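Everything on this sheet refers to the single structure shown next.
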Amino acid sequence: MKVNSDSNSTLLKFFGPNQNLVQASSPGRMDVIGGIADYSGSLVLQKSIAQKATVTITIRNYNQLHIKTLNLNSKNELYIDLDELPTDYESAKSYLKNIEGGDWASYIIGCYLVLCNEKKIKLGGLDILVQSDVPVGKGVSSSAALEVATLKALTELYKIELVGTELPRFAQMAENLVVGAPCGLMDQLASYFGNTNNLLPILCQPDVLHELVEIPENLHFFGIDSGVKHAVSGASYGEVRTAAFMGYSIIAQKLGITKKQLETSNSKELPFNGFLSNISPSKFESDFARSLNSMYGKDFIHDFGVVTDKLSVIKPDSFYNIKACTKHPIYENYRVNSFKQLLKSLSEANYEEILPILGELMYQAHESYNNCGLGNEMTDKIVSMARNYGPENGIYGAKITGGGSGGTVCLMAYGPKGLNSAKQLFVEYKKISSQENLVFFE
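All residue numbers in the sequence shown are consecutive under numbering that gives the first Met the number 0, ending with 441.
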């Protein structure tokens, strides 16, 4: 939307008086169920949170990007000379890693570069102000919210039309290729298309949006911040992703696909259309599970050679838990589909029968994260507290959300009793963790 700098003291201070600005916002998201199975083609269910990122921009008379964020205590303002900024993604990533403030600014600059390169247009200098109350490192997609808000503002300012899922895909490209984080497309799609009153079902093959699922009256999904910082650029997330694609490669080669075919064929020419999540749990157990062994990267390279995922980096001396990481998206897809159908059937008459099953699916998903190596003792503590509260106190399920290894736990509660219990659980956890600055997401 268009705003004037005089309408807000913060905008006036950064942009100066009487400036016509473009402003766009996008929310963070909470992963109710589906999580790290997105890159393997699973169905996922996502819910927007109230917290959002807001990006305000206007044309700058100099050929540079002047960017400031109000959410950092360290280097929060920088100037990027566009004549010095590399236009290819890999060089831009290296350039930004070597300048102070380039880590956080790469999310914004990455969107700028992707828009220029993919739409084959030249954009000029900009003044960009970032304000966000989506907490960083909590597993609620602060990066996706920032990327989507940036692209929404840029496309409105320059009157660039993006159709379908093009904008979220550009946002993902920015994070993958310029930031260097191997995230799936789930976060960006949820930030762009989701809302707080419904769950957004996404079949991540790669970007099939299903009809929104209304959250029934009296059912609540809350997020409880563990206080343990999470980052999708961290090694564990990348290794779990890589291990899943190792598993797919082993399965495909067991079915007669050659290494060359894995490298050169498109997904539709490969078994299960290239996605682990298209394998049923029973078929996985009967035909493939016994063929998957944990191994060092160098042994996989020697025996199987390649994976289909360009973002997976096989480290020769790293040890990969291939079976658990392959099993997760296969079973998770089944859990998400079951969760969706059961949720749609929920009513006041049957909630006592349906909600415990929904909760069990969430608890199973949480344990599957742990089996992949993405658990954490503090998120486990919250889930254990949720189990102890139980249905008698209106708490039916809980699971780690997003990329795991800390972050936020999604809690499912029912009715006024569940609402009060969730808030009481949060207060108790704050005391246990000795952290006062935790976030309760509603």
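Heads up, the beta-carbon is just placed ideally off N, CA and C, and yes, glycines get one too. Keep in mind it's a predicted model, so treat the numbers as computed, not measured.
Quick check on this structure: which residue in the options has the alpha carbon closest to the alpha carbon of residue i?
i, options, result
"residue 395", "405, 246 and 412", "412"
"residue 76", "375, 66 and 70", "66"
"residue 213", "226, 196 and 328", "196"
"residue 26", "54, 9 and 15", "54"
"residue 203", "171, 386, 225 and 150", "171"
"residue 51", "132, 102 and 22", "132"
"residue 226", "337, 7, 174 and 407", "407"
"residue 289", "268, 310 and 325", "325"
"residue 48", "62, 29 and 299", "29"
"residue 299", "400, 254, 337 and 245", "245"
Starting from residue i, trace the beta strand (DSSP E) in both directions and tell me its first and last residue.
i, result
"residue 69", "Run containing residue 69: none; DSSP gives neither H nor E here."
"residue 21", "19-32"
"residue 396", "394-399"
"residue 411", "407-413"
"residue 51", "42-58"
"residue 1", "1-3"
Measure the Cβ-Cβ separation of residue i and residue j and say whether it is below 8 angstroms.
i, j, result
"residue 64", "residue 81", "yes"
"residue 167", "residue 139", "no"
"residue 127", "residue 177", "no"
"residue 358", "residue 235", "no"
"residue 293", "residue 321", "yes"
"residue 421", "residue 410", "yes"
"residue 38", "residue 237", "no"
"residue 57", "residue 110", "no"
"residue 124", "residue 194", "no"
"residue 36", "residue 276", "yes"
"residue 428", "residue 223", "yes"
Roughly how many angstroms lie between the CA atoms of residue i and residue j, to the nearest whole one?
i, j, result
"residue 417", "residue 323", "33 angstroms"
"residue 361", "residue 381", "13 angstroms"
"residue 252", "residue 318", "21 angstroms"
"residue 328", "residue 247", "11 angstroms"
"residue 423", "residue 287", "45 angstroms"
"residue 283", "residue 179", "32 angstroms"
"residue 348", "residue 219", "17 angstroms"
"residue 351", "residue 345", "9 angstroms"
"residue 335", "residue 243", "18 angstroms"
"residue 88", "residue 306", "22 angstroms"
"residue 366", "residue 104", "35 angstroms"
"residue 188", "residue 143", "9 angstroms"
"residue 440", "residue 134", "10 angstroms"
"residue 211", "residue 13", "39 angstroms"
"residue 102", "residue 95", "7 angstroms"
"residue 24", "residue 98", "27 angstroms"
"residue 419", "residue 430", "17 angstroms"
"residue 256", "residue 278", "16 angstroms"
"residue 106", "residue 100", "11 angstroms"
Along the chain, where does the alpha helix (DSSP H) that runs through residue i open and close?
i, result
"residue 189", "185-192"
"residue 297", "296-302"
"residue 200", "Counting along the chain, residue 200 falls outside any alpha helix (DSSP H), though it belongs to the beta strand (DSSP E) covering 197-202."
"residue 10", "8-14"
"residue 161", "It is not in any alpha helix (DSSP H) - residue 161 carries neither H nor E in the DSSP assignment."
Write down every uninterrupted run of the beta strand (DSSP E) in the region 209-293 whose length is 3 residues or greater and which is fully enclosed by it, in chain order.
218-224
Considering only residues of the region 64-142, which uninterrupted beta strand (DSSP E) runs meet the minimum length of 3 residues and lie entirely inside it, listed in chain order?
76-80 and 125-131
For the region 340-399, list the beta strand (DSSP E) runs that are entirely contained and at least 3 residues long, ordered along the chain.
394-399
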